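In what follows, a structure is listed as structure tokens, so that the remarks can point back to it.
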Amino acid sequence: MDKSRKDRAAVKVTGAVLTVAAVLTTLYTLAAPAIIIKK
């Protein structure tokens, strides 16, 4: 029971990290041209 809890927590953390990484990548991709144009 303890191990399955840890596994679930690890899956949640991994999913959260991947989600954040995907969002940041999208934001950078969208923002990069605007930042370049401003400069």
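In terms of my numbering, the sequence shown is numbered consecutively and its last residue is 117.
Yeah, the Cβ is synthetic: ideal placement off N, Cα and C, and Gly gets one too.
Remember, predicted model here, so these are calculated numbers, not experimental data.
query: Rounded separation between G93 and A112 - CA only; result: 29 Å
query: Three-state class that DSSP yields for K117 in the structure shown; result: coil
query: Pairwise C-alpha distance: I115 and A100; result: 24 Å
query: Alpha-carbon to alpha-carbon, R86 and T104; result: 27 Å
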